[in-house]
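Asker:
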Amino acid sequence: MATTKSPATAQRTAAPWLKWTAVGVGAGAALASSAAGAVSGLAVYFARQIVTPSRIRVENLDILAVVGSPGHQTVILPANDDTTIEGTYSLHFDQGAGHARIGAIRSYVPREGTVEREVEKVYAGDLQAATRGWWGGAVYPSPGAMGFAEQQVLIPVEGGSAPAWLVRAESPAATWAVMVHGRGATRAEALRALAPARRLGLTSLVLSYRNDGEAPSAPDGRYGLGMTEWHDVDAAIDYAVAHGAEDVVLFGWSMGGAIALQTADLSRHRRRIRALVLDGPVINWMEVLAHHAELNRIPAPVGRLGQYLLSSQRARRITGLAAPLDLKSMDWIARAEQLTLPTLVLHSEDDEFVPIGPSVDLAAKNPGFVTLERFHRARHTKEWNVDPDRWEAVVEGWLRGRLFGRTLPGGRSREAAAPERDAGATERP
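Each residue of the sequence shown is one higher than the last, beginning at 0 in numbering that gives the first Met the number 0.
#1: Rounded to whole angstroms, what's the CA-CA distance from Ser-160 to Arg-105? Just pull it up for me.
#2: Roughly how many angstroms separate the alpha carbons of Glu-111 and Gly-223, rounded to a whole number?
#3: Please go through the same chain and pick out, in chain order, the residues whose beta-carbon is closer than 7 Å to the beta-carbon of Asn-365, but skip the five residues on each side of it.
#4: Considering just the uninterrupted stretch of the alpha helix (DSSP H) at Lys-364, what are its terminal residues?
#5: With a CB to CB cut of under 6 Å and the five nearest residues on each side skipped, what residues in its chain are close to Val-43?
#6: Work out the CA separation of Pro-298 and Gly-256 for me, nearest whole Å.
#7: In the DSSP assignment, find the unbroken beta strand (DSSP E) run with Pro-162 in it and report its ends.
#8: Using C-beta distances below 8 Å, list every residue in its chain close to Pro-109, excluding the 5 sequence neighbours before and after it, in chain order.
#9: Do Ala-137 and Ala-103 have their beta-carbon atoms positioned less than 7 Å apart in this structure?
#10: Rounded to whole angstroms, what is the Cα-Cα separation between Asp-237 and Met-254?
#11: Taking buried to mean at least 16 other C-beta atoms within 10 Å of its own C-beta, is Ala-148 buried or exposed?
#12: Do Val-344 and Leu-277 have their C-beta atoms within less than 7 Å of each other?
#13: Quick check on Pro-171: does DSSP put it in helix, strand or coil?
#14: Pick from Arg-296, Leu-294, Arg-267 and Trp-252: whose alpha carbon is nearest that of Leu-275?
#15: Does the Cβ of Leu-193 have 16 or more other Cβ atoms within 10 Å, making it buried, or fewer, making it exposed?
#16: Apart from the five residues on each side of it in sequence, which residues of its chain come closer than 8 Å, Cβ to Cβ, to Ala-173?
#17: Measuring only the C-alpha atoms, how far is Ser-89 from Lys-381?
#18: Could you check the C-alpha separation between His-430 and Trp-284 for me, to the nearest Å?
#19: Counting only runs that start and end within the stretch 209-262, where is the alpha helix (DSSP H) found for 4 or more residues in a row?
#20: What is the rounded straight-line gap between the Cα of Leu-304 and the Cα of Ser-39?
#21: Where does His-98 sit, in a helix, a strand or coil, going by DSSP?
In structure tokens form, the structure reads like this:
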């Protein structure tokens, strides 16, 4: 049985964040006419969009048809850069109330601009009645959907409490995994790391943080791009330590990678941070913002002015930020030698939102501490979606060597290094 939707042409799925194509076209016209005021206005708009959370997710993907009965369904979608890549993904619909797990490609007809994929499971909502939705990488809605016993806990943060999932190891764990999702995503994005963490015997704490729609909003209601959010991760480490953790591994996706790096740099618990696992991370915000200005046809001078506004004390009333953002301090290419924690970076060559270049540069500048694992075809933070077996094997194998290896460079044992760690020094891999 097929439920047919209204006809639609194939379209490119819009970015989950930083998407201003129409504005970019206007910016070009503004510059061409030397309309300085218009250019300034576009730079303000650019800057505000970067730091302003979006409360409504745009349903930018037509659902053309659903074929079959529940439990044996396929869905027909417009063929675009997301829907034509093999792997397992999520399809959200009904303003986010509906959620389906989408699997293998059954057929792809380029001349018709459509692709048919398996519907592996519908977690919520009536997919047959849906006409539009959005594509995502957060396949599972909760740890329970993956077969893990979960506990909802609250982390005390500024302005209230941030909900988190606690997934305990089978036996009491000294090392916890603290997982940080990306900008515009939810904590469900981090669930893909639960299985390898569990096999390593780690207890996992999957966080929400300010402005993500679950945790309290920041006082200014603006993203800090990592400069403010790390305080919520620090509070999560407080919780972990209070409940038995001796040390932690930080996982971060996209902006969550920038947050994890800030936490490792500034946290009062930094001596407890054993390693970083970063997926499609923002290593250098200036490069990412320049990339999005180019991607959306915003002239480079407008993009640079937008960056300046974010960093300017005098522009706070314009951007809405309580304090300016020091983007240079979050440039880990320039600070590469200061990253002295074992760090695994998983990044796709085909990441369209956070290009792999800065990750490559960081690994090249700091090969003693940074390991880069390259993926192909995967879109932004969808390395797991394309090849979950490889992603989990790489993470598990790399962490096993860092957490349970017996020696450090120079032949020192971990036991001999313990007094140094307790004094606040960072352990080498």
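Every residue, glycine too, gets a C-beta built ideally from N, C-alpha and C.
Answerer: Working from what's here:
#1: Walking along the sequence shown from the start, residue 160 turns up at place 161. Walking along the sequence shown from the start, residue 105 turns up at place 106. Cα to Cα, Ser-160 sits roughly 44 Å from Arg-105.
#2: Your numbering for residue 111 matches position 112 in the sequence shown. Your numbering for residue 223 matches position 224 in the sequence shown. Roughly 43 Å between the two C-alpha positions.
#3: Along the sequence shown, one-based indexing puts residue 365 at 366. Taken in chain order, the residues that qualify are Ala-335, Glu-336 and Leu-338.
#4: Taking the sequence shown and counting its residues from 1, one reaches residue 364 at position 365. 356-364 is the extent of the alpha helix (DSSP H) around Lys-364.
#5: Position 44 of the sequence shown, counted from the start, is the residue given in the question as residue 43. Closer than 6 Å at the Cβ level, and outside the excluded window around Val-43, lie Ile-317.
#6: Translated into positions along the sequence shown, residue 256 becomes position 257. Translated into positions along the sequence shown, residue 298 becomes position 299. C-alpha separation (whole angstroms): 27 Å.
#7: Taking the sequence shown and counting its residues from 1, the one referred to as residue 162 is at position 163. Pro-162 -> beta strand (DSSP E) spans 159-166.
#8: Residue mapping note: residue 109 aligns to position 110 of the sequence shown, counting from 1. Here the set comprises Ala-78.
#9: Residue mapping note: residue 103 aligns to position 104 of the sequence shown, counting from 1. Residue mapping note: residue 137 aligns to position 138 of the sequence shown, counting from 1. Not closer than 7 Å, so no.
#10: Here residue 237 is taken as the residue at index 238 of the sequence shown, counted from 1. Here residue 254 is taken as the residue at index 255 of the sequence shown, counted from 1. Spanning the two alpha carbons is a distance of roughly 21 Å.
#11: In the sequence shown, counting from the first residue as 1, residue 148 sits at position 149. Ala-148 is exposed by the Cβ-count criterion.
#12: Taking the sequence shown and counting its residues from 1, one reaches residue 344 at position 345. Taking the sequence shown and counting its residues from 1, one reaches residue 277 at position 278. Their beta carbons are under 7 Å apart, which means Val-344 touches Leu-277 by this criterion.
#13: Against the sequence shown, residue 171 aligns to sequence position 172. It is coil, neither helix nor strand.
#14: The residue you call residue 275 lines up with position 276 of the sequence shown. Answer by Cα proximity: Trp-252.
#15: As a first step, residue 193 must be located in the sequence shown, where it is residue number 194. So Leu-193 ends up on the buried side.
#16: Here residue 173 corresponds to residue number 174 of the sequence shown, with the count starting at 1. These residues qualify, in order along the chain: Gly-243, Ala-244, Glu-245 and Asp-246.
#17: What you label residue 89 is simply residue 90 of the sequence shown in a count that begins at 1. What you label residue 381 is simply residue 382 of the sequence shown in a count that begins at 1. Approximately 11 Å between the Cα atoms of the pair.
#18: Outside the displayed range of the chain (0 to 428) lies residue 430, so it cannot be described from this structure.
#19: 229-241
#20: The residue labelled residue 304 in the question sits at position 305 within the sequence shown. The residue labelled residue 39 in the question sits at position 40 within the sequence shown. So the alpha carbons of these two residues sit roughly 8 Å apart.
#21: Mapped onto the sequence shown, residue 98 falls at position 99. Note: His-98 maps to strand in three-state DSSP.
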